[in-house]
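To get the numbering used here, take the position in the sequence shown, counting from 1, and add 1329.
The beta-carbon is built from N, C-alpha and C at its ideal position, and this holds for glycine as well.
Have a look at the structure below, then the notes.
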Amino acid sequence: MQPVQSQKWMWYILPGQISVQGLNIVIPLYVISLGGDIGEVAIITALQNASIATGSIFWGKIIDRFHARRFILLISFFVVLLSSVGMYLTTSITALYVISPILGFFLVGRNPVTQLLVMESVQKNLWSWLFARTSIISTLGMLAAMIIGTVDSLYLDLRPYFLICAASSGIAMVLSTSVKGAGFHLERSSVAHSIHGLRYIMSHYHFVFPKIPELYDFKHIITIFKGKISNEIGIFYIAIFCFNLGSNMYSTGWSPFLVSRHFSNSGIFLNYMIQMATMLLIFFVAPKIISKVGEERSTLMAFMPRILAVVIPAVTIPIMIGSVGTLLAIISSCLLVIGFSIFSTSSSVIFFKSIPQGFEGKYLGVNSAVTGIGVFMGALITGNLTKAFGYSALFFSSATILVVSLILFGMYFRYRLSHKIA
């Protein structure tokens, strides 16, 4: 298999990620600055997550039918640019209810394109190298977004940051014109056949639907609720659902929580900047940990820093102010990404090994659906739970759900081991 793309296209990832990551952080802060609260932030986040899942299905079908890599990138970055300008021009939370889902629907179009471009650009034995390279560039983009946000919010209010996101998306749009339209094209189902592609998907929180799941495809989950286990993969799916539910409750509430503890916008961006730097460092360490202790033990171990990250703000709310609060927030954020980096890498390998040959698309589709439902519900629960009982209850609930996910993964590993021995 010969490369059909030069690797120059890869550089659109950097400005593209600057705009996307920047918008993920600035939108909740902007909602609060306009007089909104955790309830509005949660609903807008939930709507955007739902549109991202829907967009993943739509753009995937477009790619498979028309192989329109460059067109999808151009339209995706163009709508992100327009959405950023639209949010800069509006001071209405109601308008954000409309713009955010549109943004989510179009920004996700670039994700499956990037995954396929990696596999179409180099020989199969180099996929691991190129996926790793794109992951580093992506994380650098996220880090750059936080650095820009930290500096920008020191001197300006939040609105000008939308123009920075618009400019970054415009640059990404120009760079994406280097993507060629000619040559052979892989189908999206190829991603599910590659452990490197699957690892990239799960570590970057992307939804992929090579096959749109039907009700029958959820049978392994349904049978568990009927009191029996037809296949241990059903336990895995429920564990993944709980992991994303608990994790997104923390993530959705984090920025509003920091605002409630009197963190400045610059301080919040600084917190995320340190988190992104930690993610970049752990990227090189996680594979070594996993190779040393194994995928199963690594998956279970990864819950410890993640659960601790959620418990810290739950028990230290009274002192989460000033320099002490800043330090605690940094520790919490860094522990969170350390746990996620190890978990996403190890669990993707385990999932890949669990997929029967010929059923890759179905299993990945169900996994994406379960992930999407968990993320959507996590955002909605965050708003209602926090408004009713406060942030301490939110974080304790998030930690409890993560503990349930940990227990389920332990059950999955034991059941799979006993099933193999039998």
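Tell me the DSSP secondary structure of residue i in three-state form.
{"i": "P1332", "result": "Model confidence at P1332 stands at a pLDDT of 46, short of 50, so the residue's coordinates are unreliable; what they give is reported in the following sentence. It is coil, neither helix nor strand."}
{"i": "A1751", "result": "Unreliable positioning characterises A1751 in this predicted model, as indicated by a pLDDT of 48, which lies under 50. A coordinate reading is not provided."}
{"i": "M1649", "result": "coil"}
{"i": "R1559", "result": "In the sequence as presented, Arg is not what sits at residue 1559; that position holds Ser. DSSP places S1559 in coil when its eight states are reduced to three."}
{"i": "I1342", "result": "helix"}
{"i": "T1506", "result": "helix"}
{"i": "H1525", "result": "helix"}
{"i": "R1590", "result": "coil"}
{"i": "G1438", "result": "coil"}
{"i": "V1678", "result": "helix"}
{"i": "S1450", "result": "helix"}
{"i": "Q1686", "result": "coil"}
{"i": "G1364", "result": "coil"}
{"i": "R1743", "result": "helix"}
{"i": "S1662", "result": "helix"}
Between residue i and the rest of its own chain, which residues show a CB-CB distance below 6 Å, the 5 nearest in sequence each way excluded?
{"i": "A1698", "result": "P1542"}
{"i": "D1481", "result": "Y1490"}
{"i": "R1398", "result": "V1442 and V1508"}
{"i": "I1367", "result": "P1585, G1712 and T1715"}
{"i": "G1433", "result": "Q1377, S1380 and I1381"}
What residue does the alpha helix (DSSP H) around residue i start on, and which one ends it?
{"i": "I1386", "result": "I1367 to F1395"}
{"i": "P1634", "result": "E1624 to V1644"}
{"i": "F1538", "result": "No alpha helix (DSSP H) holds F1538; DSSP gives it neither H nor E."}
{"i": "D1481", "result": "W1456 to Y1484"}
{"i": "S1691", "result": "For the record, residue 1691 in the displayed sequence is Lys; it is not Ser. Run containing K1691: E1689 to F1718, per the alpha helix (DSSP H) assignment."}
{"i": "G1415", "result": "R1398 to L1418"}
{"i": "I1550", "result": "K1548 to F1554"}
Where does residue i land, buried or exposed, given buried means 16+ other C-beta within 10 angstroms?
{"i": "H1549", "result": "buried"}
{"i": "P1647", "result": "exposed"}
{"i": "T1774", "result": "There is no way to answer for residue 1774, as the model of the chain reaches only from 1330 to 1751."}
{"i": "H1525", "result": "buried"}
{"i": "L1425", "result": "buried"}
{"i": "F1681", "result": "buried"}
{"i": "Q1350", "result": "buried"}
{"i": "R1743", "result": "exposed"}
{"i": "S1627", "result": "buried"}
{"i": "F1395", "result": "exposed"}
{"i": "P1642", "result": "buried"}
{"i": "K1453", "result": "exposed"}
{"i": "V1614", "result": "exposed"}
Excluding the five sequence neighbours on either side, which residues of its own chain have a C-beta within less than 8 Å of the C-beta of residue i, listed in chain order?
{"i": "N1601", "result": "The question names Asn, yet the displayed sequence has Tyr at residue 1601. Only I1354, M1475, G1478 and S1662 meet the Cβ criterion."}
{"i": "G1739", "result": "L1629"}
{"i": "S1593", "result": "S1482"}
Here's a check: name, in chain order, each residue in its chain whose Cβ is nearer than 7 Å to the Cβ of residue i, leaving out the five neighbours to either side.
{"i": "I1372", "result": "G1712"}
{"i": "I1428", "result": "S1412, G1415 and M1416"}
{"i": "S1727", "result": "G1575, M1578, Y1579 and V1639"}
Legend entry - Validate contact between the segment 1406-1414 and the segment 1491-1510 using beta carbons, cut 8 Å, 3 pairs: yes
Inset, instruction - Specify whether the segment 1382-1389 and the segment 1468-1479 touch according to this definition: at least 3 beta carbon pairs, one from each stretch, less than 8 Å apart. - result: no
Legend entry - Inter-stretch contact at 8 Å, needing at least 3 Cβ pairs: the segment 1608-1615 / the segment 1719-1734: no
Inset, instruction - Indicate whether the contact test is met: 3 or more Cβ pairs, each with one atom in the segment 1678-1692 and one in the segment 1587-1605, closer than 8 Å. - result: no
Inset, instruction - Take every Cβ of the segment 1572-1589, pair it with every Cβ of the segment 1337-1352, and state whether three or more of those distances are shorter than 8 Å. - result: no
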